[in-house]
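The block underneath contains the structure these notes are about, expressed in structure tokens.
Residue numbers (the numbering used here), protein chains in the order written: chain A, 1 to 122; chain B, 123 to 692.
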């Protein structure tokens, strides 16, 4: 329907309801969404379909946001922008540490999420 | 008149010359003896050295020059015999002057024979070596004294070294108690005494308490206290000098702590650090012993070292206590940080999905069939309350961080106008009852912690929405009154705040309208002010004459100083 149709977004969060809500919202908005519950699962997904944007939670059990970004940066594949979603007090500092392209602090408003996604998917 | 010296074998004229020579020699006594030792000639030197005139001495036996003891042993005769047999006798020894005084002499006796080889007498040459001997003697005495002093110093040093080893070991690691125990044993041994005691002044400085003892029965830890200025130890401390107690059996001032240890002689010295008496060190013997000045001196040197070691141990102890305190505090802080981090995550995670869920519902509520439109109100309520809950959680967490001193900013360059618009757009969605108007004249870039500034604006707008009557305006303005300053203001047309309460507006837990259940935790303005202050800005409340109130935030743009971009720690 619009330019969003081509946009693939990978949502990585270990909280199932956040994952599902974000996916539901973004699909309503016309994005193609895939989800992963940790970094390791995300790396496997990336290999199949490279996303246009990654929404990344930081604190996850198996492979957290720090480890994931480190591994992701080493891949030969084209790099999608990474937007950090975190419940940490200093969300911005967290984002800076992993050289993320953007960040959004939990709990976030739907509009704020859509805005940051729009910013980074052009 | 003096008999002429005639040397056999020399002819008259030369004999006369020779006689003159011998007679005039002043530094040597030169004279002739007959074969039996009787003096036949005398010269000037002999007179000077031995004190006799020629008249007095010629014809006397030469043993007159020897100490009586040697004469009794027959030494003069023995010397002549040896000289006759071997041609000469030479020695150094004591001789006696006419006045009875001794002098150290170098004596040479040479046998004289005639042409037929018959002994005709002896030539005796004597030199006074007293001065040389004295100098030698002095030198030897000096050497001896030096050796003795050296030996004494060595011994002293040895003792000090033993003490030093102990105190240095102490300085390195061991506790004060270990140090004192080791020192006391060492002193017992070095000073050959039966008992050693260390008493330390109490904190109030009014009594001495036995801290360590060797050779004393049951004194330590039982707390016998000696009042300052009283008794033996008490006097040592108050008079700040060594005190000898030679016979305790005769003394009236025996201390309670000396008890039934059967000790008779005591020596006590004060333990001083930087002119301050911190205690007393005393030694005691069971048998009577008059301690010598050297004992006093030694004990005082030891006492000085002990005092230093005690002071050092106390410093180390208090440093350790302080370090432990710091470590505990740091551990507590770290635990608090960890708890905060977990709490933030655990509280915000469910809120995030709840918020998203409620907002998805809100967005789709229009598509509900007419008979389900009545769900619009409960859906809006969920959305509003989740928003409130989110704000409260954020405020609570910020508050805890502020109180723990763990509040830090992460600043980046951002357009304050855009930031304000984002917050206003989000807040406008939450109120249909108010119109939020933005007045802004272009991008105004500043270096700020964006999340925190959004928080400030959200707090101010929340208040305005909460208290502003329905259908009133809320005016938001972003301006740049000076090149290096940004001004944000939020104006409502609500009830304002009673004048007597205005000074408390930014205080923690302050509730302007506590009769209303609308009020939150009373943290929003407090936290907002802290955030603004940490940015180096100010926040004030104004009360315009036409009603309502206006919060004005002024912030430095922070662009002039690149350092402001670093993470600022509280």
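By construction, the Cβ of each residue, glycine as well, lies at the ideal position given by its N, Cα and C atoms.
> Counting only beta-carbon atoms, is residue 470(B) nearer than 9 Å to chain A?
Replying inline: In the second chain, counting from the first residue as 1, residue 470(B) sits at position 348. With 9 Å as the cut-off, residue 470(B) counts as an interface residue toward chain A.
> What is the DSSP secondary structure of residue 510(B), reduced to helix, strand or coil?
Replying inline: Here residue 510(B) refers to the residue found at position 388 of the second chain. Correct three-state label for residue 510(B): helix.
> Taking residue 239(B) as the reference, which of 247(B), 209(B), 214(B) and 258(B) has the closest Cα?
Replying inline: Walking along the second chain from the start, residue 239(B) turns up at place 117. Closest option to residue 239(B), Cα to Cα, is 209(B).
> Quick one: which chain B residues come within Cβ less than 8 Å of residue 18(A)?
Replying inline: Residue mapping note: residue 18(A) aligns to position 18 of the first chain, counting from 1. Within chain B, the residues near residue 18(A) are 471, 474, 475 and 478.
> Which residue or residues does DSSP assign as beta-bridge partners of residue 150(B)?
Replying inline: Taking the first residue of the second chain as 1, we reach residue 150(B) at position 28. Partner(s): 249(B).
> Which residues, taken in chain order from the stretch 96 to 109 of chain A, show a beta carbon closer than 8 Å to some beta carbon of chain B?
Replying inline: 96, 105, 106, 107, 108 and 109
> DSSP three-state call for residue 164(B): helix, strand or coil?
Replying inline: In the second chain, the residue the question calls residue 164(B) occupies position 42. It is coil, neither helix nor strand.
>> Please report the distance separating the alpha-carbon of residue 309(B) from that of residue 222(B).
In response: Against the second chain, residue 309(B) aligns to sequence position 187. Against the second chain, residue 222(B) aligns to sequence position 100. C-alpha separation (whole angstroms): 55 Å.
> Whose Cβ in chain A lies nearer than 8 Å to the Cβ of residue 467(B)?
Replying inline: In the second chain, the residue the question calls residue 467(B) occupies position 345. Under the 8 Å cutoff, chain A gives 59, 87 and 88.
>> Does chain B have any CB closer than 9 Å to the CB of residue 115(A)?
In response: As a first step, residue 115(A) must be located in the first chain, where it is residue number 115. Yes, residue 115(A) counts as interfacial toward chain B.
>> Closer than 8 Å between beta carbons: that is the criterion. Which residues of the stretch 558 to 578 of chain B meet it against chain A?
In response: 571, 572 and 573
>> Tell me the DSSP secondary structure of residue 490(B) in three-state form.
In response: By one-based count along the second chain, residue 490(B) stands at place 368. Note: residue 490(B) maps to coil in three-state DSSP.
> With distances taken from CA atoms, which of 642(B), 312(B) and 680(B) is nearest residue 656(B)?
Replying inline: In the second chain, the residue the question calls residue 656(B) occupies position 534. When each option's Cα is compared against that of residue 656(B), the closest is 680(B).
> Which chain A residues are close to residue 519(B), counting only those with a beta carbon under 9 Å from its beta carbon?
Replying inline: If you number the second chain from 1, residue 519(B) lands on position 397. In chain order: 89.
> By how many angstroms is the C-alpha of residue 314(B) removed from the C-alpha of residue 231(B)?
Replying inline: Counting from 1 along the second chain, the entry for residue 231(B) is found at position 109. Counting from 1 along the second chain, the entry for residue 314(B) is found at position 192. Roughly 59 Å separates the two Cα atoms.
> First and last residue of the alpha helix (DSSP H) that includes residue 656(B)?
Replying inline: As a first step, residue 656(B) must be located in the second chain, where it is residue number 534. That run of the alpha helix (DSSP H) goes 646 to 656.
> Sorted by chain position, which residues of the same chain lie with C-beta nearer than 7 Å to residue 119(A)'s C-beta, five sequence neighbours on each side aside?
Replying inline: By 1-based counting over the first chain, the position of residue 119(A) is 119. The residues are 102.
>> Between which residues of its own chain and residue 498(B) is the CB-CB distance below 8 Å, once the five residues before and five after are set aside?
In response: The sequence position of residue 498(B) within the second chain is 376, counting from 1. Counting only Cβ-Cβ distances below 8 Å, and skipping sequence neighbours, we find 487 and 490.
> What whole-angstrom Cβ distance do residue 214(B) and residue 226(B) have, given they're in contact under 8 Å?
Replying inline: Taking the second chain and counting its residues from 1, the one referred to as residue 214(B) is at position 92. Taking the second chain and counting its residues from 1, the one referred to as residue 226(B) is at position 104. About 7 Å; that satisfies the 8 Å criterion.
> Which chain B residues are close to residue 22(A), counting only those with a beta carbon under 7 Å from its beta carbon?
Replying inline: Taking the first chain and counting its residues from 1, the one referred to as residue 22(A) is at position 22. Within chain B, the residues near residue 22(A) are 478.
> Are there 16 or more other CB atoms within 10 angstroms of the CB of residue 549(B), so buried, or fewer, so exposed?
Replying inline: Within the second chain, numbered from 1, the residue matching residue 549(B) stands at position 427. Residue 549(B) comes out buried.
> Unbroken alpha helix (DSSP H) runs of length 4 or more, entirely within the stretch 26 to 79 of chain A: which are they?
Replying inline: 39 to 48 and 65 to 74
>> Can you check which of these residues, 568(B), 591(B), 585(B) and 495(B), is closest to residue 659(B) by C-alpha distance?
In response: Against the second chain, residue 659(B) aligns to sequence position 537. Nearest option by C-alpha distance: 568(B).
> So what's residue 158(B) in DSSP terms, helix, strand or just coil?
Replying inline: Within the second chain, numbered from 1, the residue matching residue 158(B) stands at position 36. Residue state, collapsed to three classes: coil.
>> When you compare the CB of residue 547(B) with every CB in chain A, is at least one pair closer than 9 Å?
In response: Counting from 1 along the second chain, the entry for residue 547(B) is found at position 425. Yes, because at least one Cβ of chain A sits closer than 9 Å to the Cβ of residue 547(B).
> Under a three-way DSSP split, which group does residue 614(B) fall into?
Replying inline: Here residue 614(B) is taken as the residue at index 492 of the second chain, counted from 1. In the structure shown, residue 614(B) sits in a strand (DSSP, three-state: E or B).
> Just reading off the alpha helix (DSSP H) that residue 203(B) is part of, what are its end residues?
Replying inline: Residue numbering aside, residue 203(B) sits at position 81 when the second chain is read from its first letter. Per DSSP, residue 203(B) belongs to the alpha helix (DSSP H) from 197 to 208.
> Assuming residue 583(B) and residue 541(B) make a contact with CB atoms under 8 Å, what is their CB distance in whole Å?
Replying inline: Residue 583(B) sits at position 461 when you count from the first residue of the second chain. Residue 541(B) sits at position 419 when you count from the first residue of the second chain. With 8 Å as the limit, residue 583(B) and residue 541(B) do not qualify as a contact, their Cβ atoms being about 13 Å apart.
>> Using only the alpha-carbon positions, how far apart do residue 502(B) and residue 475(B) sit?
In response: Along the second chain, one-based indexing puts residue 502(B) at 380. Along the second chain, one-based indexing puts residue 475(B) at 353. The straight-line gap from Cα to Cα measures roughly 16 Å.
>> Quick check: what's the CA-CA separation for residue 430(B) versus residue 281(B)?
In response: As a working note, residue 430(B) is residue 308 in the second chain. As a working note, residue 281(B) is residue 159 in the second chain. Between residue 430(B) and residue 281(B), the C-alpha separation is close to 18 Å.
> Among the residues of its own chain, which have a CB less than 6 Å from the CB of residue 32(A), if the five just before and after it don't count?
Replying inline: Residue numbering aside, residue 32(A) sits at position 32 when the first chain is read from its first letter. Around residue 32(A): 8.
> Where residue 607(B) and residue 494(B) are concerned, what is the direct C-alpha to C-alpha distance, given to the nearest angstrom?
Replying inline: What you label residue 607(B) is simply residue 485 of the second chain in a count that begins at 1. What you label residue 494(B) is simply residue 372 of the second chain in a count that begins at 1. Rounded to whole angstroms, residue 607(B) to residue 494(B) spans 51 Å at the Cα level.
> Who are the neighbours of residue 119(A) on chain B, taking C-beta pairs under 8 Å?
Replying inline: For the purposes of this step, residue 119(A) is taken as the residue at position 119 of the first chain. Result: empty, since nearest Cβ-Cβ is about 11 Å, beyond 8 Å.
> Is the stretch 252 to 261 of chain B close to the stretch 387 to 403 of chain B, with three or more CB pairs under 8 Å?
Replying inline: no
>> Helix, strand or coil, according to DSSP, for residue 243(B) in the structure here?
In response: Residue mapping note: residue 243(B) aligns to position 121 of the second chain, counting from 1. In the structure shown, residue 243(B) sits in a strand (DSSP, three-state: E or B).
> What first and last residue would you give for the beta strand (DSSP E) that runs through residue 183(B)?
Replying inline: Taking the second chain and counting its residues from 1, the one referred to as residue 183(B) is at position 61. Residue 183(B) -> no beta strand (DSSP E), and no H or E assigned at all.
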